[in-house]
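Reminder that position 110 of the sequence shown reads as 241 in my numbering, one-by-one numbering, no gaps. All C-beta atoms, glycine included, are put in the ideal place defined by N, C-alpha and C.
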Amino acid sequence: MPALTMRNVSVVAVLVLACGYVSSDMFYSVNAQEFGIILRNGRLVGTAMPGPGWKLPFVDSVVSISMQENITKWDSFQARTKDLDVINIDVSVSWQIKSVNAIDLYKKYGELEGVDNAILVPRITEGLRVAISHLSTMDALNKRKLISAIKSHIDRTSFSPVTINRVFVGSTHAESIHYSD
């Protein structure tokens, strides 16, 4: 029986490490509040439900899309009232996607950041400006009227494949108030 040489031990160690590395890339796990998109060489080939699964090492990858509520915030968002006063408001919008929309969402926008930048930010900022532009300065400073106007505008706007859950308005203040005679 040949004696174990340093070279033989090194070869075995390298083989064990290589097998361990390859086998660790064969498995994936999708969390309970996520939906998995399976990509083969960057091309969509399937979906993965929550739980463990296996994939081809170095060829397949799994992108997880969160089904939980996400929040997009605007700090010190500025808009003009119908009195032409500038109003600064802090606004947060709570939103989420449904698993039935996850594949279409990934095809069009990539991950959630793409949805936020392509759908939510442009439509909500425009909606905030339009809603506030129809209010007097005093009405815009009244949170109840402001939230009602914003919610009304958001309800009329399509955000498919996103569902808007809630709109939060934080601090609201006017830079200057011009009283009309």
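Ser207 and Ser264 have their C-alpha atoms some 16 angstroms from each other. Of all C-beta pairs linking the stretch 201-216 to the stretch 253-272, three or more are shorter than 8 angstroms, placing the two stretches in contact. Only residues of its own chain outside the window of five on either side were considered, and among them Pro292 have a CB closer than 7 angstroms to the CB of Asp235, listed in chain order. Taking every protein chain shown into account, the CB of Leu148 has fewer than 16 other CB atoms within 10 angstroms, so this residue is exposed.
Taking 8 angstroms as the cut-off, the Cβ atoms of Val193 and Gly151 do not count as close. Contact check for Ser195 against Val246 fails: the beta carbons are separated by 8 angstroms or more. In the DSSP annotation of this structure, the continuous segment of the alpha helix (DSSP H) that includes Ile278 starts and ends at 274-287. Burial check for Ile228: the Cβ neighbour count within 10 Å reaches 16 or more, so the residue is buried. As computed with DSSP, Val193 is found in a beta bridge with Ile169. Residue state for Ser225 is assigned as strand, using DSSP reduced to three classes.
Non-local C-beta neighbours of Val190 in its own chain, meaning closer than 8 angstroms and more than five positions away in sequence, comprise Arg171, Asn172, ordered along the chain. The alpha-carbon of Leu187 is positioned some 46 angstroms away from that of Lys282.
The Cβ atoms of Ile285 and Val298 lie closer than 8 angstroms to each other. For Pro181, the CB contacts under 6 angstroms within the same chain, skipping 5 residues up- and downstream, are Val161, Ala163 in chain order. Classified as buried, Leu259 has 16 or more neighbouring CB atoms from the shown chains inside 10 Å of its CB.
Counting along the chain, Ile295 sits inside no alpha helix (DSSP H); it lies in the beta strand (DSSP E) bounded by residues 293-305.
Nearest to His304 by alpha-carbon distance, out of Leu175, Leu146, Ala144, Val222, is Val222. Less than 8 angstroms divides the Cβ of Asn296 from the Cβ of Trp226.
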